[in-house]
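Data block below; observations after.
Numbering (our numbering), first residue to last: 1426 to 1941.
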């Protein structure tokens, strides 16, 4: 089965002290979404020609110099570059080659490298394989579930695989279900990530076999829902998917309080632990939910697949084991394909999905090296693409593909050079359309910029990737000026006092209102 971009949005819940707040719900049909996004995309620009005369705009440079005198800039560590998109000429810079923590601006280089290395039509796949003989409707041996890194696989996709197995005539499997996640290495949690992030939905372990419980494709996570019981008794806990309970270890340390009593609920999981703990008070009549990462996404996916096999009428007599599928004769019974990469970029970039970035990084490594996908060979693929596009590498250091780590550094000149260069790529329209659009309140168009620069000239005229960590803010992308001219910009800030984010918006609004 192959997937195209389905309805997006769904509920994304997160762990917050005392209370749990769901993400907003938005649905966008694929065709409508892409038409809407495409309408905002200018035709691909050509790379600067060798003979093209450099351009300059002293008045713009003076305007931006004044803007950058803001104390939120001068008291921190901010680097900026503004380039002419048509020629690549640098129109303004402030510490343009300064190595700066970029947070999720790292995803710009990951997305571009993935489109080049894997190709815009690349699809992740998941297979069900047999090696033993079938007698009648009985498979006399093991059934293999092999993943290739799909970060968008959902319960419905494992249900499809199970139905394909049943359609192949198999009702009974005498052996075990074998979980094969060896397309990626077994280093599931990036060594450069803080272990305090371990239970967060945005830092789920990376596996070649995983599952997302929601339409935002937050792979490697499960939704834990708790509902008040009788006063003085424990809250009732359920999971989404429901079959996840057969894999999860959940410790219920909750108590139902009187109606109107305070919330004190916390849901968490310690680094390396398979146990999710729900603790605290749930007021009578109350309920909430939290999106929590699981420790072993491969075993989690296998539990859901086993449940779907049972629903489809396939009985697996053996348990579940983790092994590589042996070389030699094998028959693929079922296959599921993800949406194309150029479509996957939309939820990846609009919602800034860290797990997509890391899955793509390891997939690049596997394809380029012909070996198991790792962060090492995946990031080597990213660096190779930056070098190919003549991106200045001074100040560039990458330890992950998402920007969750503080070990990454980029420079505005590196990002600006890349953003100019990719305009000549055949996949540029899809790349640009994946960037959040300033002030567009459609969640799957505006993404992380949907509530920024609303009502300004930048609204619907700026396409840019945000970046945010504690003490880090970043914004890089494209903006169309008042006369229709396109600019490339990158602003990266590391700070300890007031956030320079409002100045990011002022920069973009200034460019959007600029006339040459």
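Just so you know, even glycine gets a beta-carbon here, dropped at the ideal spot from N, CA and C.
- Below 8 Å, too few C-beta pairs join the segment 1563-1571 and the segment 1787-1803 to call them touching: fewer than three.
- The C-beta distance from residue 1628 to residue 1778 rounds to 12 Å, too long to meet the 8 Å contact threshold.
- Looking at 1602, 1662, 1880, 1719, the one whose alpha-carbon comes closest to that of residue 1703 is 1662.
- Runs of the alpha helix (DSSP H) lying entirely within the segment 1780-1840 and spanning at least 4 residues, in chain order: 1800-1813.
- For residue 1775, the uninterrupted alpha helix (DSSP H) segment begins and ends at 1766-1775.
- Per DSSP, residue 1928 is one residue of the alpha helix (DSSP H) stretching across 1926-1937.
- Shortest Cα-Cα distance from residue 1546 to any of 1681, 1765, 1875 involves 1765.
- Residue environment for residue 1876: exposed (fewer than 16 other C-beta atoms within 10 angstroms of its C-beta).
- Residue pairing by DSSP places residue 1662 opposite 1651 in a beta bridge.
- Rounded to the nearest whole angstrom, the CA to CA distance from residue 1730 to residue 1584 is 7 Å.
- Using a Cβ-Cβ distance cut-off of 8 Å, the segment 1584-1604 and the segment 1659-1677 are not in contact, since fewer than three pairs of beta carbons, one from each stretch, lie closer than that value.
- DSSP, read as helix, strand or coil, puts residue 1941 in coil.
- Beta-bridge annotation (DSSP): residue 1506 is paired with 1518, 1915.
- Runs of the beta strand (DSSP E) lying entirely within the segment 1662-1709, each at least 3 residues long, are 1674-1682, 1691-1693, 1700-1708 in chain order.
- Judged by DSSP secondary structure, residue 1905 falls within the beta strand (DSSP E) whose first and last residues are 1897-1905.
- Out of 1693, 1572, 1763, 1655, the CA that lies nearest to the CA of residue 1621 is found in 1693.
- When the beta-carbon positions are compared, residue 1502 and residue 1918 come within less than 8 Å of each other.
- When secondary structure is reduced to three states using DSSP, residue 1730 falls in the helix class.
- Boundaries of the alpha helix (DSSP H) around residue 1584: 1580-1592.
- Comparing alpha carbon positions, the residue from 1500, 1530, 1754 closest to residue 1844 is 1530.
- Note on geometry: alpha-carbon atoms of residue 1846 and residue 1930 lie some 24 Å from one another.
- Relative to residue 1559, the option among 1783, 1939, 1769, 1755 whose CA is nearest is 1755.
- The distance from the Cβ of residue 1689 to that of residue 1659 is about 14 Å, inconsistent with a contact at the 8 Å cut-off.
- Beta-bridge analysis with DSSP links residue 1525 to 1835.
- In the three-state reduction of the DSSP assignment, residue 1533 falls in the helix class, which pools H, G and I.
- Around the C-beta of residue 1793, 16 or more other C-beta atoms lie within 10 Å, and the residue is accordingly described as buried.
- With a 10 Å radius around the Cβ and a threshold of 16 neighbouring Cβ atoms, residue 1525 comes out buried.
- Three or more pairs of CB atoms, one per stretch, sit closer than 8 Å, so the segment 1851-1869 contacts the segment 1879-1895.
- Excluding the 5 residues flanking it on each side, residue 1543 has same chain C-beta neighbours closer than 8 Å at 1766, 1785, 1788, 1789, 1792, in chain order.
- For residue 1774, the closest C-alpha among the options 1641, 1825, 1701, 1709 is that of 1641.
- Secondary structure note for residue 1871: its alpha helix (DSSP H) is the uninterrupted segment 1868-1871.
- In the DSSP assignment, residue 1893 falls outside any alpha helix (DSSP H) and within the unbroken beta strand (DSSP E) covering 1887-1894.
- Three or more pairs of CB atoms, one per stretch, sit closer than 8 Å, so the segment 1513-1524 contacts the segment 1817-1837.
- Looking at 1893, 1856, 1849, the one whose alpha-carbon comes closest to that of residue 1833 is 1893.
- When the beta-carbon positions are compared, residue 1723 and residue 1604 come within less than 8 Å of each other.
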